[in-house]
Amino acid sequence: MSEEISLLKGNEAIAHAAIRYGVDGYFGYPITPQSEILETLTLERPWDTTGMVVLQAESEVAAINMVYGGAGTGKRVMTSSSSPGVSLKQEGISYMAGAELPCLIVNVMRGGPGLGTIQPSQADYFQTVKGGGHGDYRLIALAPSSVQEMADFVGLGFELAFKYRNPAIILADGIIGQMMEKVVLPPFHPRRTESQIIEECPWAANGRKKSRKPNIITSLELDPAVMEQNNIRFQKKYEEIKKKEVRYEAYLCDDADYLLVAFGSSARICQKAIEIARAQGVKVGLLRPITLWPFPSEIVAEYAGKVKGMLSVELNAGQMVEDVRLAVNGKVKVEHFGRLGGIVFTPDEIFKALTEKLF
Amino acid sequence: MTHEIIIAGFGGQGVLSMGKILAYSGLMEGKEVSWMPSYGPEQRGGTANVTVILSDERVSSPVLNEFDIAVILNQPSLDKFESKIKPGGILIYDGYGIHKPVKRKDISVYRIDAMDTAMELKMDKTFNMIVLGGLLKVAPMVKLENVLKGLKKSLPERHHKLIPANEAAIKKGMEIIRQV
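Chains A and B, in that order, give the protein sequences. Adding 21 to a residue's 1-based position in the first sequence gives its number in the working numbering. Adding 419 to a residue's 1-based position in the second sequence gives its number in the working numbering.
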C-alpha cells in the first residue's frame, strides 16, 4: 500500500498526529499562531472514533493542570499554546517536572516579550531549555523544521516523555505552524487500554489494587534531605538523557569553511542562504540541533576544530548562541544573527550577515 | 525546475485560497510544494500575500527574498514586491487594482483584467480562479487536469458542485491575459 500524502499546515499535522499516535487527551486554549491545533481536533471529532478527549479549557493555567491530572493517571495527554500562553503554563510545567510526569507541550512561538506580536519568533529558547518555571529541572525539547517533523515529533515526544517520566516540549514557531507542505501522517496506533497503562506506568495513580502501595503524585517534599535525594535522582536522569537522546542534522558540513547553526524554521531559511553562498563559491554548511535540550554540544565542539567560524542564526536577540559558544569554548569565532519581535530574516540577509560578521 | 511565486492583494480577494489551489495542483502533479501565508489580522480590506513554491526538488526555505513570478492584485502589493522579482522574471497584475505604471524593464509584464471580466460576466466569486488561469497560461507549471484534481482536494465536498464554474473561470483567465 502506498503512503498517503497530505498537504497540511504544521498545526494541522500536530492535531492529526495526536489522534493517530493514540493520545488520550488534549487540553488547550486558543491563541494565534497555533489555534488550528484545537480547531482541527474539534473538526476531526476524535472522541467519536478513538475516544480521545479534546477540551477547550477556561485558561492556559487550567489546561496545564488538566494535563497534570491526566498524566498522573498514566494517560498520554498534551497541551499547546503560543508564547504568552506558555508563560502562563510555567508553574504547571515545573510541577510536572517535579512530580516526574510525562506529557507533551507544544509552543508555536510568536514575537514577545509580553503579548508581543502574532508573527513568528524563536525568542522562547531560554524559557524552554534553561528552565522557564522554577527549580532545577529540564524539558526534553524538540525543534521541528518541517511539517513532517511536526507530525513525527508528537510520537517521538510522547515516547521520550514516557521513557524518562519527564515533560517533553515541541518548540515550533509561526512559520512551521502556519505553512503547508507535504506530510505523510503516521498510521493509526490504538489508545492504550487500562491494563496496558497499569503495566507500563506502575507509578500512575489510576486505581489501587490491594497488591500494591498507594502511588502518590506530588512535587511537594517538606524534608530537604529527601528533596535533595529527589533532585539528585532528577539530575541523574537528565545526565542519562544528555548521553542518549541528542539529535541533530548536519547539512553540507563535510567540506564547509563556515557553519550556520540554526533550529526550526531558521534552519530552513539557512538552507537557502547556503545555496546562495555556495553559488558564490563560499562553502557553508548547516548544523541543525533537533533536540535543543539535550543540546548537541559534542558535535558543535567537533566542528569547531574544522571551520573558520560559526554563525548562530535565530529569530531572537541571541539565545542559542550562548550554548554554541559554550560548546565551542573559544576555539573559533562564533557570532549571532537574528531579527526580532516577529520579523523574519530572508536568505540573502543571512548570507550578508555571514560575510559581514565572519569574513 | 522550481517556481517561486508570490501572490499578493487585498484580503478577501482569494489570494490565500488561490495559492492553496496552486499548491494542491502541484501536489497532484507530483511536485514538492510549500505554501507560506502572511497570517494574522488580514481581513477584507487589509493586505494579504502568500508564497507558493513548486519544485522538482526538496524545498529549502519557505521564506524568500526574490521571486520568479509575482501575481499582484493591488497597488500596495505592487509597490512592495515589484523590486523583488528576479531579473527575467514574470509580473502579472490585475488592471483594476493598479493605477501606477510598472517601472521594471528587465522582467516580462502581463496584464489580466480579471476584476472587470468577473464583474461583467457575473463571475465575481471565481475572480481568483480567472487570475490563476492567467498565471497558468503564462507559466504552465501544472496541467489543467491536475488543477481540477487540486480543486477537488482543496474544496470541501459540499462545494464540489462549484468546480465547473471554477474551471470555466480558469479557462477565461487563459483567454484574457495579455503581455504589456
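No residue lacks a Cβ here, since even glycine has one placed at the ideal position from N, Cα and C. The model shown is predicted, which means the values in this text are computed figures rather than measured ones.
8 Å Cβ cut-off: residues of chain B touching residue i
i              : result
K203 (chain A) : L446, E451, V452
P188 (chain A) : In chain order: nothing, as chain B lies at least about 28 Å away.
Neighbour list for residue i in chain B, Cβ cutoff strictly below 9 Å
i              : result
G296 (chain A) : Per the sequence shown, the amino acid found at residue 296 (chain A) is Glu instead of Gly. Chain B residues near E296 (chain A): S479, S480.
P207 (chain A) : Neighbours of P207 (chain A) on chain B: none; closest Cβ ~19 Å, over 9 Å.
Chain A residues whose Cβ lies nearer than 8 Å to that of residue i
i              : result
P506 (chain B) : Under the 8 Å cutoff, chain A gives no residues; its nearest Cβ is about 14 Å from P506 (chain B).
L483 (chain B) : K293, T367, P368
A442 (chain B) : L28, M201
Y529 (chain B) : Those do not exist, as Y529 (chain B) stays about 25 Å from chain A at its closest Cβ, beyond 8 Å.
Beta carbon proximity, residue i to chain A, threshold 8 Å
i              : result
L551 (chain B) : no
Y512 (chain B) : no
Which listed residue (the options) has its alpha carbon closest to that of residue i
i              : options                        : result
K499 (chain B) : B:G445, B:S479, B:V478, B:K522 : B:K522
F316 (chain A) : A:G359, A:A84, A:A348          : A:A348
F268 (chain A) : A:Y324, A:W224, A:K327, A:I320 : Residue identity check: residue 268 (chain A) is Arg in the sequence provided, not Phe. When each option's Cα is compared against that of R268 (chain A), the closest is A:I320.
E564 (chain B) : B:R597, B:L446, B:S436, B:G438 : B:L446
K571 (chain B) : B:N585, B:V561, B:P559         : B:N585
T367 (chain A) : A:A120, A:E335, A:L313         : A:E335
D344 (chain A) : A:K265, A:I364, A:F209, A:P310 : A:P310
A283 (chain A) : A:L28, A:N128, A:Y146          : A:Y146
Y458 (chain B) : B:G430, B:E594, B:M548, B:P495 : B:G430
V150 (chain A) : A:P51, A:E220, A:P188          : A:P188
H210 (chain A) : A:N32, A:G31, A:H37, A:L29     : A:H37
M455 (chain B) : B:L483, B:N493, B:K562         : B:L483
T466 (chain B) : B:I472, B:S453, B:I426, B:I595 : B:I426
E451 (chain B) : B:R477, B:V557, B:I526, B:L567 : B:R477
V528 (chain B) : B:E423, B:K544, B:I488         : B:I488
P481 (chain B) : A:E57, A:D369, A:E377, A:I290  : A:I290
V127 (chain A) : A:E121, A:Q111, A:E242, A:C222 : A:Q111
K373 (chain A) : A:V247, A:G195, A:N236, A:L332 : A:L332
A225 (chain A) : A:G93, A:L273, A:C124, A:G119  : A:G93
E121 (chain A) : A:G137, A:V129, A:V168, A:A182 : A:A182
S167 (chain A) : A:D194, A:D157, A:R186         : A:D194
E24 (chain A)  : A:M87, A:I114, A:A118, A:P208  : A:P208
Q199 (chain A) : A:L375, A:L28, A:I371          : A:L28
K96 (chain A)  : A:T63, A:Y42, A:G132           : A:Y42
A338 (chain A) : A:G132, A:I197, A:R233, A:V247 : A:G132
Contact list for residue i against chain B, beta-carbon separation under 7 Å
i              : result
M200 (chain A) : S453, W454, M455, P481
I290 (chain A) : S480, V482
For residue i: DSSP bridge partner residues
i              : result
M130 (chain A) : A:D194
L429 (chain A) : Examination of residue 429 (chain A) is not possible in this model, given that chain A is present from 22 through 380 alone.
A489 (chain B) : B:I425, B:L510
K354 (chain A) : A:G330
S527 (chain B) : B:I509
I472 (chain B) : B:E423, B:S453
R597 (chain B) : B:R530
C124 (chain A) : A:P188
Y272 (chain A) : A:L307
M99 (chain A)  : A:Y47, A:L125
Test: residue i CB closer than 8 Å to a CB of chain B
i              : result
I35 (chain A)  : no
R299 (chain A) : no
I196 (chain A) : yes
P105 (chain A) : no
M22 (chain A)  : Low local confidence applies: a pLDDT of 42 at M22 (chain A) is under 50, so the model's placement there is unreliable, and no value is given.
S318 (chain A) : no
Interface residues of chain A facing residue i [CB-CB closer than 9 Å]
i              : result
Y515 (chain B) : Chain A residues near Y515 (chain B): none, gap ~29 Å exceeds 9 Å.
query = Are at least three pairs of beta-carbons, each pair with one atom in the segment 433-447 of chain B and one in the segment 342-360 of chain A, less than 8 Å apart?
reply = no
inquiry  = Tell me whether the segment 295-303 of chain A and the segment 197-205 of chain A touch, counting them as touching only if at least three CB pairs, one residue from each stretch, are closer than 8 Å.
reply    = Not touching, per the Cβ criterion.
task = Report yes or no: do three or more beta-carbon pairs, one from the segment 99-108 of chain A and one from the segment 76-88 of chain A, lie closer than 8 Å?
result = yes
query = Taking three-plus beta-carbon pairs below 8 Å as touching, is the segment 184-199 of chain A in contact with the segment 158-172 of chain A?
reply = Yes, since at least three Cβ pairs between the segment 184-199 of chain A and the segment 158-172 of chain A fall closer than 8 Å, the two stretches touch.
ask   = If you pair each beta-carbon of the segment 538-557 of chain B with each one of the segment 580-594 of chain B, do three or more pairs fall below 8 Å?
value = yes
inquiry  = Taking contact to mean 3 or more Cβ pairs, one atom from each stretch, closer than 8 Å, check whether the segment 250-262 of chain A and the segment 300-308 of chain A are in contact.
reply    = Judged by pairs of C-beta atoms under 8 Å, the segment 250-262 of chain A does not touch the segment 300-308 of chain A, as fewer than three such pairs exist.
task = Give a yes or no on contact between the segment 43-59 of chain A and the segment 124-144 of chain A, applying the rule of three or more CB pairs nearer than 8 Å.
result = yes
inquiry  = Under 8 Å, with one C-beta from each stretch per pair, do the segment 530-547 of chain B and the segment 508-518 of chain B reach the 3-pair mark?
reply    = yes
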